[in-house]
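>
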Ligand code: ADP
Ligand code: MG
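In the working numbering, the protein residues as written are 3 to 248.
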């Protein structure tokens, strides 16, 4: 249950303190405390409605907390949202793409916003990495869900951000693209970068994680380093918690 103590002056890359989020009178997140270090792949599990997307949207500066504080790379999200955005790559339920623009135009738009150096070449590289080079000049509205998700991945990686925030990134991805995503996540870990990923797929999540947390009814119900986890017991308990069969 404990996260190792760090020496003096150590700063987590993501620091969430007493975070609460209400929608109307309904709390979606209740007093969340969470610190995430460089090199961590933090996997967030939780049933539908647990608050995973709400938490990810707040970290991604797409929603605001009702109370509490979040810093990313030492920057307060409220005060420095634009700066924070340059250091994060985001995949959410919304693809954050413009339907009427081509894949190229979408990447160009985000690349300019993030001030990506050598943008033209970077677009060519990233688009071929996600296997969409033949679709580069097609409008996004003609893309299948899987192709949109590949392009979202390209958009998220375009500015080579040190932090990835991935909310159920596997949704709609085919096997090949999901292998690519897995490779990316592994390379983030080995480069001492940071990934936060939500999933309801236990097996995939456990494979990727260096630490897991469980959100349940807006609360941080459990957390453990992957290396200390008794997988069998965890799966049993988790399935009992969410009322599913292991
Ligand atoms: P998860 O991603 O774990 O399924 P969400 O963060 O999407 O959970 O939702 C957490 C809770 O907040 C749910 O009860 C959901 O109905 C509610 N909620 C999420 N977004 C909104 C919104 N924009 N307006 C009102 N309620 C919302
Ligand atoms: Mg969600």
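We put the beta carbon where it would ideally sit given N, CA and C, even for glycine. None of these values were measured; they are calculated from a predicted model.
Tell me which residue opens and which closes the alpha helix (DSSP H) that residue 96 is part of.
First-last for residue 96: undefined, no H or E at that position.
> Might you give, ordered along the chain, the residues of its own chain that have their beta carbon closer than 6 Å to the beta carbon of residue 246, omitting 5 neighbours on each side?
No residues qualify anywhere along the chain.
> Any heavy atom of the ligand MG closer than 8 Å to the beta-carbon of residue 212?
No - the ligand MG has no heavy atom lying nearer than 8 Å to the Cβ of residue 212.
> Compute the beta-carbon to beta-carbon distance between residue 201 and residue 170, rounded to the nearest angstrom, for a pair I have assumed lies under 8 Å.
Confirmed, Cβ separation roughly 6 Å.
> Cβ-heavy atom distance between residue 95 and the ligand MG below 8 Å?
For the ligand MG, at least one heavy atom lies less than 8 Å from the Cβ of residue 95.
> In chain order, what residues of the same chain lie with their CB nearer than 6 Å to the CB of residue 197, ignoring the 5 residues before and after it?
Closer than 6 Å at Cβ, skipping near neighbours: 43, 166, 187, 190.
> Name the DSSP beta bridge partners of residue 23, please?
31.
> Given residue 180, which residues of its chain have a CB within under 7 Å of its CB, disregarding the five upstream and five downstream residues?
Excluding residues within five positions, the ones whose Cβ falls inside 7 Å are 172.
> Which residues in the same chain as residue 139 place their Cβ atom closer than 8 Å to its Cβ, once the five residues preceding and following it in sequence are excluded?
Result list for residue 139: 104, 105, 106, in chain order.
> State buried or exposed for residue 234, treating a residue as buried only when at least 16 other CB atoms are found within 10 Å of its CB.
So residue 234 counts as exposed.
> To the nearest angstrom, report how far apart residue 35 and residue 176 are at their CA atoms.
Distance between the alpha carbons of residue 35 and residue 176 is about 34 Å.
> If we require 3 or more residues per run, which beta strand (DSSP E) segments fall completely within the stretch 114–153?
With a minimum length of 3 residues, no continuous beta strand (DSSP E) run stays inside the stretch 114–153.
> Check whether the Cβ of residue 154 sits closer than 8 Å to any heavy atom of the ligand MG, and report yes or no.
The answer is no for residue 154.
> Give the residues whose C-beta lies closer than 6 Å to at least one heavy atom of the ligand ADP, in chain order.
Result (chain order): 25, 30, 48, 50, 51, 52, 53, 54, 55, 56.
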